[in-house]
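Residue numbers (my numbering), protein chains in the order written: chain A, 923 to 1333; chain B, 923 to 1333.
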């Protein structure tokens, strides 16, 4: 069971979390709980680090920031005990949760689950584990996994103790076919395959951290996204409560061709016209952008009519648009191109579904439907289980609703 | 160097602390710094534990509360680095600072200072150490030393690294002959012997924690109490700044007979009249009080005129007066006494000085001077280097000023 910052924002909410845990214990389950810092605490701690020095040592940042989860784990253990549940807190270094030494964005290398399992068996003790943190084995120093890392901690712990399921309690009750604020007919999915969730999470659906989905896929940990606001006493711990199960595609009986529509509005498009079509030109373009820390997303290259030059289109975050244009103007001599076009009012709409692997013509349906609505497609990229379209930002909602209906996702 | 909560209350004050540390480093010293939690943080954390459960597990309480020092140590390390000082933070479990498993009030058993010293030598690295916390070796769990424990951490670390001196930075600039708010002529002492400071601290002078003075005495760590509000740049790190050095009596050249006057007002007196003077009667009286968690202080026993009974007087904290009287009334049959007298408006005034060992008649001077002022002495206890007098609370200030002048302590 994993609970995020808003679910443990104060002692009252921690008590609610404890009741969720007790329900599972009473049903005979062995439980490990992973907790985040109380809402707002991490920001406060990060703020102090920045105030102390804008260029702070990431190792010390980790020492400061990891304290937030430590507080929650102790408080939840106390609260569980007050409900008569045997429980103890665990910090990353105590289990240990071994990570790389990339402080501030460490990767989990290994978790020793043996002691936790021994305590399940010997005394039915609930393990309350600080998420987001670990220890670097070589240096013995505290590490953190980066923002949102508690999801990753939870899935990794679940793998280490061979849990039947990893329940992620959030402020939403599952994963939706698209953003319900944009499409009121969006449906909560009962199940979604790891690969699909990976695309959805990468494309900005903020339910789960991408890395946690990857881990779930690699270690085959079924992840269940559910609401922490459900009343603990209303839930049957043996049945399946409201939520979305992220699992192997084999477990999904009624596989749909398209499972979800994702979109992001803060995109900018840059087109480089009549670039010399020769080896090394892509490096000449994207090298300077990477050095400037500008994240390039969709990349589309067209051969131009003359056969000697090419047109190259790609997207960057809207906030980096001006900066990217300047970097490219500065490198013009080295790259060699005729003209730079761009627009910072574009949106990316993505259609995801494992079924696309075996169904041809899925994207073609979208092109037709959007054309009928007068929506111009500026660029297209595809992968095995998704395709993304770049359109004018003003049409985003219309496009998402059109595709949502087109693929039979409306409830 | 040790800095308390008010000295590290926010990032600005932590920067001031860093400048103190840098001054010592620049002067060529190897420095270990022990820090408390930012002012108010410990109370906030303790409050959450109580809210979670009034009867909380002390092991989990320690997990929650120790996080406060962790934050400060990381922030100070960051700030030192921003001033160009090589520094790293250390938690109790990293050094390790091994303690007993008396969670919430653990005793330091051992500190391994080897790695800290190695880093002084190899890279002039300042060790920033979280005070107040340690680790229980057998269980691997976080422990805390109880309130004020950072002083103890500092002296213990100083002993472990064989420091020349342990500087305790506080919000006062040293130890005074008595409370300057009561006696404007109170003087800051340049030096005071461990034994004297131990009595002063036990009697309620809140400059240092008693346990830290004991440790300093046992391990012969010279402790220097000084102000964190002095401007770091105004201090000559090679000279002796304003403050009080707590040291071996041999180091104090001009030893005075009396060094300080302590007092506490929140005392209550209880007298049991005509108790049967037989073995076991003291146990019958003080056993039930101890069981009720009532702290008994001065105990005076007089043989009464008849030879078969005795009068017994002792003090308890004023807040426990009613409760103590009830406990004794309930045990009357078992104890066997005629009458219970009491007063909860009494004060204890204590006169401390190592010189008393070799000077007779020191207390007699006090009796005479107080009698001349019309101050009645209700009870007297003495030890090798101090005597305490119980008087009516209204006379406290008069008595303290009288004794302060009598023993030549006025500046």
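No residue lacks a Cβ here, since even glycine has one placed at the ideal position from N, Cα and C.
Below 8 Å between beta carbons: does that hold for residue i and residue j?
{"i": "residue 992 of chain A", "j": "residue 985 of chain B", "result": "yes"}
{"i": "residue 1235 of chain A", "j": "residue 1199 of chain A", "result": "no"}
{"i": "residue 1012 of chain A", "j": "residue 989 of chain A", "result": "no"}
{"i": "residue 978 of chain A", "j": "residue 1000 of chain B", "result": "yes"}
{"i": "residue 1268 of chain A", "j": "residue 1221 of chain A", "result": "no"}
{"i": "residue 1247 of chain B", "j": "residue 1188 of chain B", "result": "no"}
{"i": "residue 1190 of chain B", "j": "residue 1298 of chain B", "result": "no"}
{"i": "residue 1105 of chain B", "j": "residue 1120 of chain B", "result": "no"}
{"i": "residue 997 of chain A", "j": "residue 970 of chain B", "result": "yes"}
{"i": "residue 1096 of chain A", "j": "residue 1147 of chain A", "result": "yes"}
{"i": "residue 973 of chain B", "j": "residue 933 of chain A", "result": "yes"}
{"i": "residue 1057 of chain B", "j": "residue 1015 of chain B", "result": "yes"}
{"i": "residue 1290 of chain B", "j": "residue 1072 of chain B", "result": "no"}
{"i": "residue 983 of chain B", "j": "residue 1179 of chain B", "result": "no"}
{"i": "residue 960 of chain B", "j": "residue 926 of chain B", "result": "no"}
When the Cα of residue i is compared with those of the options, which residue comes out closest?
{"i": "residue 1048 of chain A", "options": "A:942, A:929, A:1174", "result": "A:942"}
{"i": "residue 1018 of chain B", "options": "B:1164, B:1044, B:1055, B:1008", "result": "B:1055"}
{"i": "residue 1407 of chain A", "options": "A:1278, A:1284, A:1303, A:1294", "result": "This structure cannot settle anything about residue 1407 of chain A, because the visible part of chain A is limited to 923 through 1333."}
{"i": "residue 1083 of chain B", "options": "B:1191, B:1043, B:930", "result": "B:1043"}
{"i": "residue 1149 of chain B", "options": "B:1239, B:1281, B:1090", "result": "B:1090"}
{"i": "residue 1320 of chain A", "options": "A:1308, A:1333, A:1294, A:1158", "result": "A:1294"}
{"i": "residue 1165 of chain B", "options": "B:1145, B:1331, B:1070", "result": "B:1145"}
{"i": "residue 1276 of chain B", "options": "B:1285, B:1308, B:1258", "result": "B:1308"}
{"i": "residue 1108 of chain B", "options": "B:1181, B:1318, B:1073, B:1264", "result": "B:1181"}
{"i": "residue 1177 of chain A", "options": "A:1279, A:1009, A:1318, A:1210", "result": "A:1279"}
{"i": "residue 1162 of chain A", "options": "A:1087, A:1129, A:1128", "result": "A:1087"}
{"i": "residue 952 of chain B", "options": "B:1110, B:1045, B:1253", "result": "B:1045"}
{"i": "residue 1156 of chain A", "options": "A:1007, A:1051, A:1306, A:945", "result": "A:945"}
{"i": "residue 935 of chain A", "options": "A:1066, A:1028, A:1059, A:1154", "result": "A:1154"}
{"i": "residue 1159 of chain B", "options": "B:948, B:1316, B:930, B:1130", "result": "B:948"}
{"i": "residue 1124 of chain A", "options": "A:1274, A:1031, A:1022", "result": "A:1274"}
{"i": "residue 1117 of chain A", "options": "A:1103, A:1129, A:1140", "result": "A:1140"}
{"i": "residue 976 of chain A", "options": "B:1005, B:981, B:1301", "result": "B:1005"}
{"i": "residue 1069 of chain B", "options": "B:1243, B:1201, B:963", "result": "B:963"}
{"i": "residue 955 of chain B", "options": "B:1010, B:1036, B:1142", "result": "B:1010"}
{"i": "residue 1263 of chain B", "options": "B:1282, B:1237, B:1286", "result": "B:1237"}
{"i": "residue 1113 of chain B", "options": "B:1098, B:1102, B:1103", "result": "B:1098"}
{"i": "residue 1128 of chain A", "options": "A:1143, A:965, A:1094, A:1110", "result": "A:1094"}
Return the first residue and the last residue of the alpha helix (DSSP H) that residue i is part of.
{"i": "residue 899 of chain A", "result": "Here chain A has residues from 923 to 1333 only, and residue 899 of chain A is not among them."}
{"i": "residue 1318 of chain A", "result": "1318–1328"}
{"i": "residue 965 of chain B", "result": "963–974"}
{"i": "residue 1042 of chain A", "result": "1036–1045"}
Where do the N-terminal and C-terminal ends of the beta strand (DSSP E) with residue i fall, by residue?
{"i": "residue 1109 of chain A", "result": "Segment: none, residue 1109 of chain A is in no beta strand (DSSP E) and carries neither H nor E."}
{"i": "residue 1194 of chain B", "result": "1182–1198"}
{"i": "residue 1342 of chain A", "result": "Residue 1342 of chain A is absent from the model: chain A starts at 923 and stops at 1333."}
{"i": "residue 1148 of chain A", "result": "1145–1149"}
{"i": "residue 1314 of chain B", "result": "1308–1314"}
{"i": "residue 929 of chain B", "result": "Run containing residue 929 of chain B: none; DSSP gives neither H nor E here."}
{"i": "residue 1236 of chain A", "result": "1231–1239"}
{"i": "residue 1055 of chain B", "result": "1055–1058"}
{"i": "residue 1263 of chain B", "result": "1261–1274"}
{"i": "residue 1338 of chain A", "result": "Outside the displayed range of chain A (923 to 1333) lies residue 1338 of chain A, so it cannot be described from this structure."}
Throw me the rounded Cβ distance for the residue i and residue j pair, which I believe falls under 8 Å.
{"i": "residue 1138 of chain A", "j": "residue 1168 of chain A", "result": "6 Å"}
{"i": "residue 1115 of chain B", "j": "residue 1171 of chain B", "result": "4 Å"}
{"i": "residue 1183 of chain A", "j": "residue 1092 of chain A", "result": "Going by Cβ atoms, the distance from residue 1183 of chain A to residue 1092 of chain A rounds to 20 Å, so no, they are not a contact pair."}
{"i": "residue 1270 of chain B", "j": "residue 1208 of chain B", "result": "Not quite, the Cβ-Cβ distance comes to about 18 Å (not below 8 Å), so this is no contact."}
{"i": "residue 1310 of chain B", "j": "residue 1272 of chain B", "result": "4 Å"}
{"i": "residue 1256 of chain A", "j": "residue 1206 of chain A", "result": "5 Å"}
{"i": "residue 884 of chain B", "j": "residue 1074 of chain B", "result": "No answer is possible for residue 884 of chain B: it lies beyond the span of chain B, which begins at 923 and ends at 1333."}
{"i": "residue 1245 of chain B", "j": "residue 1214 of chain B", "result": "6 Å"}
Fill in: Where the stretch 991–1003 of chain A meets chain B: residues whose CB sits under 7 Å from a CB there
992, 993, 995, 996, 997, 999, 1000, 1001, 1003
Worksheet entry | Positions along the stretch 1055–1070 of chain A whose CB lies within less than 9 Å of some CB in chain B | 1062, 1063, 1064
Discussion item. Give me the subset of the stretch 973–988 of chain A whose CB atoms are less than 9 Å from a CB atom of chain B, sorted by chain position.
Written reply: 973, 974, 975, 976, 977, 978, 979, 981, 982, 983, 984, 985, 986, 987, 988
Worksheet entry | Positions along the stretch 1006–1020 of chain B whose CB lies within less than 8 Å of some CB in chain A | 1010, 1011, 1013, 1015, 1016
Worksheet item: If you measure beta-carbon to beta-carbon, which residues of the stretch 927–939 of chain A are closer than 9 Å to chain B?
Response: Hits within the stretch, in order: 932, 933, 934, 936, 937.
Item to complete: Anything in the stretch 943–975 of chain B with a Cβ closer than 7 Å to a Cβ of chain A? List those residues in chain order, please.
Response: 967, 970, 971, 973, 974, 975
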